[in-house]
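Numbering (my numbering), first residue to last: 1 to 62.
Following this line, the structure appears as structure tokens:
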């Protein structure tokens, strides 16, 4: 996982919509689980519910 500054947290409903559309549009990326792993580990894009309390407090303070 990258550091918190490089992470992007999308609201859960938006994240799910993005994942679903990518799976439908670009099936060559693999299955949903593989796509979710790549989004997080490679691009630093995560659903909001995965953000830790410390990261949330840091974001509010910024």
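Ideal Cβ placement from N, Cα and C applies to all residues, glycine included.
Beta-carbon gap between residue i and residue j smaller than 8 Å
| i | j | result |
| --- | --- | --- |
| residue 48 | residue 9 | yes |
| residue 19 | residue 32 | yes |
| residue 22 | residue 14 | no |
Range of the contiguous alpha helix (DSSP H) that encloses residue i
| i | result |
| --- | --- |
| residue 35 | 32 to 38 |
Boundaries of the beta strand (DSSP E) in which residue i is found, first to last residue
| i | result |
| --- | --- |
| residue 10 | 8 to 10 |
| residue 26 | It is not in any beta strand (DSSP E) - residue 26 carries neither H nor E in the DSSP assignment. |
Integer Cβ distance of residue i from residue j, believed to fall under 8 Å
| i | j | result |
| --- | --- | --- |
| residue 7 | residue 46 | 6 Å |
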